[in-house]
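To start, the structure under review is shown below, and the notes come after it.
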Amino acid sequence: MKDIYADLPLASVAAPAAQALAAELLAAISAVRRVARRAARSAWQRQPLPPTQSELLRLAAAHPGISVADAARELRLAPNTVSTLVGRLAAAGLVDREHAAADGRSVRLAVTGKGSRRLAEFRDLRADLAARALGRLPAADRDALAAAVPALLRLSVELGEDS
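Counting along the sequence shown from 1, when you hit position 138 you're at 138 in this note's numbering, and nothing is skipped either side.
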């Protein structure tokens with residue numbers, strides 16, 4: 001049987017142990033994100049935004065003046081889908097659409113004060129809920145999680161370079 005990995009550089013072939021760790025790690029991260037989102041949504045006093053709208057709002061806040069086309073690329077969504085999401089966020093008063101001065105056609109996104117407050121409130125609520133949960137963990141677990149943060153951030157950079 002031919003080794004399908006024989007022609008690939010060694011660094012591009014993940015060992016089975018690395019693949020198992022990667023699968024376990026990604027599953028754990030997904031579980032934490034999912035449970036944190038559910039806990040925050042159930043404690044949230046407002047109607048929650050759909051996940052894709054939340055993601056777009058966070059992206060626009062992180063990249064002021066991002067174009068709809070760039071947001072679509074970043075979110076890996078079709079531009080017309082992002083345009084629809086922008087319309088909904090604008091109708092809710094969470095973003096403003098600003099026409100680019102250069103061509104007057106392309107739209108740049110600006111998060112409104114209302115949008116910024118909503119993001120901050122939700123972020124703070126999630127952090128508060130997570131801090132309470134962390135407080136119930138043994139000190140060794142809290143220390144391990146704190147020590148893992150820099151490595152997780154480096155992993156996100158590496159994953160981004162692979163895509």
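Think of the CB as a built atom: it goes at the ideal place given N, C-alpha and C, for glycine as much as any other residue.
Leaving out five residues before and five after residue i in sequence, what residues of the same chain have Cβ atoms less than 6 Å from its Cβ?
i      : result
Val111 : Ala60, Ala61, Val95
Leu109 : Ala60, Ile66, Val95
Asp162 : none
Pro48  : Arg41
Leu8   : Any reading at Leu8 must be qualified, since the residue scores a pLDDT of 49, below 50, and its modelled position is unreliable; no value is offered.
Using C-beta distances below 8 Å, list every residue in its chain close to residue i, excluding the 5 sequence neighbours before and after it, in chain order.
i      : result
Ala72  : Ala78, Pro79, Thr81, Val82
Val157 : none
Gly115 : Leu57, Ala60, Ala61, Leu89, Gly93, Leu94, Val95
Can you tell which of the options has its C-alpha closest to the C-alpha of residue i?
i      : options                       : result
Ala100 : Ala39, Pro64, Leu26           : Pro64
Val86  : Glu161, Ala139, Arg58, Ala140 : Arg58
Ala90  : Ala102, Asp103, Arg136, Val68 : Val68
Asp151 : Pro16, Ala15, Ala17, Ala22    : Sequence check: residue 151 is Ala here, not Asp. Of the listed residues, the one whose Cα sits closest to Ala151 is Ala22.
Ala36  : Asp128, Ser116, Ala15, Ala92  : Asp128
Ser42  : Arg126, Leu25, Ala20          : Arg126
Leu119 : Ala40, Glu98, Arg34           : Ala40
Asp70  : Ala130, Arg38, Trp44, Ser106  : Ser106
Thr84  : Gln53, Glu74, Gly104          : Gln53
Let me know the secondary structure DSSP gives residue i once reduced to three states.
i      : result
Asp162 : helix
Asp141 : helix
Arg37  : helix
Fill in: Length at least 3, wholly inside the stretch 69-123: the beta strand (DSSP E) runs in chain order
95-99, 107-111
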